[in-house]
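For the sequence shown, our numbering assigns the number 740 to the last residue and increments by one with no breaks.
Report on the structure given below.
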Amino acid sequence: MSIVKVVYDHRVDGEELVVHEKSLRLYREVDALIVSYPWKSELKLSEQLGVGGGFHFILGDENIYACYQFVPIELDKGFLFLDIVLVPGWLKIFGRKSLSKDFDTVSISEAKMRIKELFDYSIASLYDKYHR
609 MSIVKVVYDH
619 RVDGEELVVH
629 EKSLRLYREV
639 DALIVSYPWK
649 SELKLSEQLG
659 VGGGFHFILG
669 DENIYACYQF
679 VPIELDKGFL
689 FLDIVLVPGW
699 LKIFGRKSLS
709 KDFDTVSISE
719 AKMRIKELFD
729 YSIASLYDKY
739 HR
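Following this line, the structure appears as structure tokens:
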């Protein structure tokens, strides 16, 4: 069973972003977290202050990982990015096997579908899927 770490930020009281971190074992916990995110208030403050919150869903550790970043931009949309490091390489350059993919603007349901892959696939199989 995969454990996915999620690091996300939003404002709790006031204008400062507060960082939250959780370890999730089940995809339904991701769904519940995204549903409970304070979308309206966060988007309004992000527009006013020029700085917004977002999510990082991470499978793996600091050297070998797959990470989806989801940045809300509207009530039902956000930017989605995927970063995978399969082999960190020597000096993080030589022999490195990594990729980055920009999914551009996606709906929340599409983002959740992609994030679910972290529970269904290994890091290596995600790398193979998106490496082209």
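Yeah, the Cβ is synthetic: ideal placement off N, Cα and C, and Gly gets one too.
Starting from L694, follow the beta strand (DSSP E) in both directions and report where the run begins and ends.
Numbered from 1 along the sequence shown, position 86 holds the residue referred to as residue 694. First-last of the beta strand (DSSP E) with L694: 685-695.
Taking the CB atoms as reference points, tell me whether R704 and V714 lie closer together than 8 Å.
Translated into positions along the sequence shown, residue 704 becomes position 96. Translated into positions along the sequence shown, residue 714 becomes position 106. No, they are not a contact pair.
Can you round the beta-carbon distance between V693 and I672 to whole angstroms, since I take them to be within the 8 Å contact cut?
Indexing the sequence shown from 1 puts residue 693 at position 85. Indexing the sequence shown from 1 puts residue 672 at position 64. The pair is a contact, with the Cβ atoms about 6 Å apart (cut-off 8 Å).
Looking at D710: is its Cβ nearer than 8 Å to the Cβ of F689?
Taking the sequence shown and counting its residues from 1, one reaches residue 710 at position 102. Taking the sequence shown and counting its residues from 1, one reaches residue 689 at position 81. For D710 and F689, yes; Cβs fall inside 8 Å.
According to the neighbour-count rule (16 or more other Cβ atoms, all chains shown, within 10 Å of its Cβ), is H739 buried or exposed?
In the sequence shown, counting from the first residue as 1, residue 739 sits at position 131. Exposed, because fewer than 16 other Cβ atoms sit within 10 Å of the Cβ of H739.
Distance check for I611 and D736, CA to CA, integer angstroms please.
Counting from one through the sequence shown, the residue named residue 736 turns up at place 128. Counting from one through the sequence shown, the residue named residue 611 turns up at place 3. Using only the alpha carbons, I get a separation of about 20 Å.
Is the separation between the beta-carbon of G662 and that of D617 shorter than 8 Å?
The count along the sequence shown starts at 1 and reaches residue 662 at position 54. The count along the sequence shown starts at 1 and reaches residue 617 at position 9. The answer is yes: Cβ separation under 8 Å.
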